[in-house]
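Okay, structure first, notes after.
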Amino acid sequence: MPAVRSLYRVPLVFFALAACFGLLLRWHVVNPFDWLIYPYMLHAHSHIMFLGWVTNFLLIFALERFVPCQRITWYRNAFLWAQVLLAGMVVSFPLQGYGVASIVLSTLHTTLIVVFAFRFFRDTRSALQTVSLWYMRIALIYFLVSAVGPIAIGATSAMGMAQSKWYYFSVYYYLHFQYNGLFTFGVLAMLFSLMESRGISLNVALARRAGQYLAIACAPAYFLSTLWADPGIVFNAIGFLAATLQIVSLVLLLMCFRPAAREIASKMSSVSVWLLAIGSISYGIKILAQWLSAFPDVAHLAATNRPYVMAYLHLVLLGTISLPILSWYLERGMIRRFGTTALAIVVTGFLLTEIILMLMPSAPRLGLGSGGAMAMAIFVASVVLTLGVLLVLISSWKPDKS
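In this text, residue positions in the sequence shown follow the working numbering: the first is 2, and each later residue adds one.
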């Protein structure tokens, strides 16, 4: 479907824009701009990354892979309207943060995706019930769950509670169900779809069981994001059990993919295999970090060192989510010319950013310089990352002959 395939360039545009906004935030720390309000620009950066890059990609993927051809038109039009709302958010969030315009635009966008999800459930009932479709449905269910988050964030902001624990509970609620629900299940749906299209055989029973354990663990694992507020040891225990169940799910996924490792390597490009390998390692580190955060001392350490939190968020969004998505683009022939070089630069920027963020709290003790030196270092790493993303976008901009 060329009309749908051409839409895949839209997420890359937002990915590049989000990277540029992130770079602007990094430079603001080094040399502040009088006109830039950091929290407002941070909201813009995160919304563009979440909605413009990852969510847009998953919507197009779901549309192309699972929706019957005769029902494509409504979904394509809904997607285009979503881009109009996103364009509004690109302007409103830097200017007013969670102001009236931003709240209205994000609410309309969420409502549109909710309708998209319910129509998707209806229109795929008679489709072939593959593992990839099952994971995509779970992803959209968790989008519906996460949709409460922005409403709560806007409400607490409007009530003057922007620095309260309830505001941050709302923020982490949204982050959790996006990262661990929509994004994780959506990317797994994409991976299983890629395996299916390549004729790579996997253990379907193991794949479904892994997804079931992961789906069950997702809701209680939210409490791991609240432990910084010391809600009580009971919540540590709930989070620990949920994180342990996620480890079981990870083991089952490894058991599912490992027998097909050679077949995957022979039927996919070496660059894609490397991207998936780094993404898998990132996912494993993410699961381990969540398990460790159930322990009070580790939760306190993370809560008092913001660079660790930022390293975790970037690990998931860039390592676990974005790199596998970029492998999809590569496998579908949507990244051409100097695409391999561009992807190598993205990976380099990602790894540099993670290393520097993890070193920042200990930089003075390790003799790595002051906060200003580390801020400049993370800015340079962000330059590398942004350059790579921009090159990926440019490498995709070629007339599509398929």
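Note that the Cβ used here is the ideal one computed from N, Cα and C, for glycine as well.
Euclidean distance between Cα positions of S165 and Y143: Position 164 of the sequence shown, counted from the start, is the residue given in the question as residue 165. Position 142 of the sequence shown, counted from the start, is the residue given in the question as residue 143. Taking the straight line from one Cα to the other gives about 25 Å.
Closest Cα partner of N57 within the set L183, T349, L392: By 1-based counting over the sequence shown, the position of residue 57 is 56. That would be L183, whose Cα lies nearest to the Cα of N57.
Residue of M50, G200, A303 minimising C-alpha distance to L228: Looking up residue 228 in the sequence shown gives position 227. Out of M50, G200, A303, the CA that lies nearest to the CA of L228 is found in A303.
Assigned secondary structure, F80 (DSSP; H/G/I helix, E/B strand, else coil): For the purposes of this step, residue 80 is taken as residue 79 along the sequence shown, with counting starting at 1. If DSSP states are grouped into helix, strand and coil, F80 belongs with the helices.
Proximity winner among Y99, L394, Y175, relative to Y41 (alpha-carbon distances): Here residue 41 is taken as the residue at index 40 of the sequence shown, counted from 1. Of Y99, L394, Y175, the smallest CA-CA separation from Y41 is found for Y99.
Status (buried if at least 16 other CB within 10 Å, exposed otherwise) for V116: Sequence index remark: in the sequence shown, residue 116 carries index 115 (1-based). With fewer than 16 Cβ atoms within 10 Å of its Cβ, V116 is classed as exposed.
Contacts around A102, its chain only, beta-carbon distance under 6 Å, and the 5 residues preceding and following it disregarded: As a working mapping, residue 102 is identified with position 101 in the sequence shown. The answer, listed in chain order, is S93.
Proximity of Q247 and A218 at Cβ, strictly below 8 Å: Residue numbering aside, residue 247 sits at position 246 when the sequence shown is read from its first letter. Residue numbering aside, residue 218 sits at position 217 when the sequence shown is read from its first letter. Against a cut-off of 8 Å, the Cβ pair of A218 and Q247 comes out as a contact.
Selection from I104, I395, S133 that minimises the alpha carbon distance to V188: As a first step, residue 188 is located in the sequence shown; it is residue number 187 there, counting from the start. Nearest of I104, I395, S133 to V188, Cα basis: S133.
Residue burial classification, F121 (beta-carbon count within 10 angstroms, cutoff 16): Taking the first residue of the sequence shown as 1, we reach residue 121 at position 120. So F121 counts as buried.
Alpha-carbon spacing of M162 relative to A243, whole angstroms: Stepping through the sequence shown from its first residue, residue 162 is reached at position 161. Stepping through the sequence shown from its first residue, residue 243 is reached at position 242. Going by the C-alpha atoms only, they are around 30 Å apart.
Residues of its chain near R210, where Cβ-Cβ distance is below 6 Å and the 5 sequence neighbours each way are ignored: By 1-based counting over the sequence shown, the position of residue 210 is 209. If we look at R210 and ignore the five residues flanking it on each side, its Cβ neighbours are L253.
Complete alpha helix (DSSP H) runs within the segment 248-281 (minimum length 4 residues, chain order): You should have 262-268.
Three-way DSSP call (helix, strand, coil) for W229 in this model: Within the sequence shown, numbered from 1, the residue matching residue 229 stands at position 228. Reduced to three states, the DSSP call for W229 is helix.
Extent of the continuous alpha helix (DSSP H) to which C21 belongs: Translated into the one-based positions of the sequence shown, residue 21 becomes position 20. For C21, the uninterrupted alpha helix (DSSP H) segment begins and ends at 10-31.
Cβ neighbours of L18 in the same chain (closer than 6 Å, five flanking residues each side left out): Locating residue 18 in the sequence shown gives position 17, counting from the first residue. Excluding positions up to five away in sequence, the list reads I49.
Own chain partners of M361 with C-beta closer than 7 Å, once the 5 adjacent residues on each side are dropped: Position 360 of the sequence shown, counted from the start, is the residue given in the question as residue 361. Excluding sequence neighbours, M361 sits near P308, M375.
Sequence ranges, alpha helix (DSSP H) only - wholly within the segment 294-319, length at least 4: As far as the segment 294-319 is concerned, its whole alpha helix (DSSP H) runs of at least 4 residues are 297-304, 307-315.
CA-to-CA distance, W82 to D401, given in whole angstroms: Residue numbering aside, residue 401 sits at position 400 when the sequence shown is read from its first letter. Residue numbering aside, residue 82 sits at position 81 when the sequence shown is read from its first letter. In this prediction, D401 has a pLDDT of 47, which is less than 50 and means its spatial position is unreliable; what the coordinates show is noted afterwards. D401 and W82: Cα-Cα distance of roughly 23 Å.
Cβ-based burial, L13 [other Cβ within 10 Å; buried from 16]: Within the sequence shown, numbered from 1, the residue matching residue 13 stands at position 12. L13 comes out buried.
V149 and R77 closer than 8 Å at C-beta: If you number the sequence shown from 1, residue 149 lands on position 148. If you number the sequence shown from 1, residue 77 lands on position 76. With a cutoff of 8 Å on beta-carbon distance, V149 and R77 are scored as not near each other.
Contact check, G340 vs L331, beta carbons under 8 Å: Taking the first residue of the sequence shown as 1, we reach residue 340 at position 339. Taking the first residue of the sequence shown as 1, we reach residue 331 at position 330. Cβ distance < 8 Å, so G340 and L331 count as in contact.
Expected contact under 8 Å - CB spacing of P325 and M196 to nearest Å: Along the sequence shown, read from residue 1 onward, the residue named residue 325 stands at position 324. Along the sequence shown, read from residue 1 onward, the residue named residue 196 stands at position 195. Contact between P325 and M196 is ruled out by a C-beta separation of about 12 Å, above the 8 Å threshold.
Close Cβ partners of K287 (< 7 Å) along its chain, the five nearest in sequence each way excluded: Locating residue 287 in the sequence shown gives position 286, counting from the first residue. The residues are L316, V317, T321.
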